[in-house]
Amino acid sequence: MQDLTLFVLDPVCSYKDKYHDDDKLAMASAYLDGRYTMAEIAAEFGVHYSTVSRAVAK
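First residue of the sequence shown? That's 53 in this note's numbering, and the numbers climb one at a time after it.
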């Protein structure tokens, strides 16, 4: 069985809390962590996945 501990400890919303002053940094950090797709991050932040893509590119 796959270990789901990491998903429980670090949901996407934890990046919103950690970088509450900078959504672009929060989105990029969540994506670069490697556990979330751009679509998952976009859904959590209420933006289109292309917004996440632009945040990651910067």
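Virtual Cβ for every residue (Gly too), placed ideally from N, Cα, C.
query	result
Anticipated Cβ contact below 8 angstroms, residue 94 with residue 100, distance rounded	6 angstroms
Alpha carbon of residue 83 to alpha carbon of residue 67, nearest angstrom	10 angstroms
Span separating the alpha-carbon of residue 73 from that of residue 98	16 angstroms
Coarse secondary structure for residue 103, derived from DSSP in three states	helix
Three-way DSSP call (helix, strand, coil) for residue 88 in this model	coil
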